[in-house]
């Protein structure tokens with residue numbers, strides 16, 4: 002079945018450091034790929050998405066490129082802020098909304 | 002627009018008790034779903050609905066019931082709570098199947114003793 006693998010956390014960075022959170026996937030079809038973010042005490046929010054190979058999703062300084070050849074969708078940000086501290090989930094959707102498959106989440110902690 | 006709302010925010014149950022987690026959305030979304038979030042396991046789909054009167058099972062449906070009598074509401078029922086159902090529960094909605102973007106509620110933290 003479909004699956005998403007994310008790097009284990011927590012990822013601890015100083016403010017203005019470069020961020021990479023790795024995400025790889027396994028899917029039988031051609032999925033859409035997503036990054037969701039969960040701030041403390043809140044539900045998940047869509048951060049960015051890509052619907053086909055080589056698409057780049059971007060939002061709030063974060064970006065990720067859909068790499069079909071490596072089945073990856075790594076999240077990057079050039080300069081993190083304390084307010085970026087949250088849990089980040091990589092996810093895929095292969096058969097419509099009801100088949101959203103999540104990774105285990107990666108906690109990011111950014112210190113001043 | 003309130004978006005997706007869930008009640009209660011916190012709940013403690015004893016083993017064997019039943020309860021209903023409420024979920025409502027005011028965006029006129031056709032599709033709604035329930036997930037549970039457990040440490041180290043991400044979110045897993047429990048049940049979903051593609052419209053009023055239509056529901057189907059997700060990845061982990063055992064021990065849960067749902068119904069969809071209106072577009073706005075999608076309650077999740079625990080028939081006989083078990084400690085394994087201790088989790089954080091999220092309700093989500095989306096406009097159309099093709100969109101694939103889900104809007105999540107703030108969650109209900111459930112503890113079963």
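Protein chains in written order, with this note's numbering: chain A, 2 to 113; chain B, 2 to 114. Cβ atoms here follow ideal geometry from the backbone N, Cα and C, with glycine treated the same way. Since the model is a prediction, treat every value here as computed from it, not as a measurement.
Mind checking who residue 15 of chain A pairs with in its DSSP beta bridge?
-> Here the question's residue 15 of chain A lines up with position 14 in the first chain. Paired residues: A:112.
Report yes or no: is there a C-beta of chain D within less than 8 Å of the C-beta of residue 103 of chain B?
-> Protein chains A and B are contained in the structure displayed, whereas chain D is not.
Looking at the C-beta of residue 52 of chain B, does it have a partner C-beta in chain A at a distance below 8 Å?
-> Numbered from 1 along the second chain, position 51 holds the residue referred to as residue 52 of chain B. Residue contact with chain A for residue 52 of chain B: absent (no Cβ-Cβ distance below 8 Å to any residue of chain A).
Cβ neighbours of residue 25 of chain A in the same chain (closer than 7 Å, five flanking residues each side left out) | As a position in the first chain, residue 25 of chain A is number 24, starting the count at 1. Excluding residues within five positions, the ones whose Cβ falls inside 7 Å are 6, 72 and 73.
Residues from the segment 64 to 86 of chain B in contact with chain A, defined by Cβ distance under 8 Å = Within the segment 64 to 86 of chain B, no residue has a Cβ lying closer than 8 Å to any Cβ of chain A.
Please go through the same chain and pick out, in chain order, the residues whose beta-carbon is closer than 8 Å to the beta-carbon of residue 14 of chain B, but skip the five residues on each side of it.
-> For the purposes of this step, residue 14 of chain B is identified with residue 13 of the second chain, where counting begins at 1. So the list reads 20, 79, 82, 111, 112, 113 and 114, once near-sequence residues are dropped.
Where the beta strand (DSSP E) through residue 90 of chain A begins and ends | Walking along the first chain from the start, residue 90 of chain A turns up at place 89. For residue 90 of chain A, the enclosing beta strand (DSSP E) starts and ends at 87 to 94.
Which partner residues does residue 22 of chain B have in the DSSP bridge list?
-> Start at 1 with the first residue of the second chain, and residue 22 of chain B comes out as number 21. Note: residue 22 of chain B sits in a beta bridge opposite B:77.
First and last residue of the beta strand (DSSP E) that includes residue 61 of chain A?
-> Here residue 61 of chain A is taken as the residue at index 60 of the first chain, counted from 1. In the DSSP assignment, residue 61 of chain A falls outside any beta strand (DSSP E), carrying neither H nor E.
Which of helix, strand or coil DSSP assigns to residue 50 of chain B | Against the second chain, residue 50 of chain B aligns to sequence position 49. The DSSP-derived three-state label of residue 50 of chain B is strand.
For a contact meaning CB atoms closer than 8 Å, what does residue 91 of chain B contact in chain A?
-> Against the second chain, residue 91 of chain B aligns to sequence position 90. By Cβ distance, chain A contributes 44 and 45.
C-beta neighbour in chain A for residue 107 of chain B, strict 8 Å | As a first step, residue 107 of chain B must be located in the second chain, where it is residue number 106. Among the residues facing chain A, residue 107 of chain B is included, as its CB has a counterpart in that chain under 8 Å away.
Whose CA, out of A:82, A:83, A:81 and A:66, lies closest to the CA of residue 75 of chain A?
-> Taking the first chain and counting its residues from 1, the one referred to as residue 75 of chain A is at position 74. From the listed residues A:82, A:83, A:81 and A:66, the smallest Cα separation to residue 75 of chain A is found for A:66.
Beta-carbon neighbours of residue 90 of chain A, restricted to chain B and to distances below 9 Å = Position 89 of the first chain, counted from the first residue, corresponds to residue 90 of chain A. Going along chain B in sequence order, the residues near residue 90 of chain A (Cβ under 9 Å) are 43 and 44.
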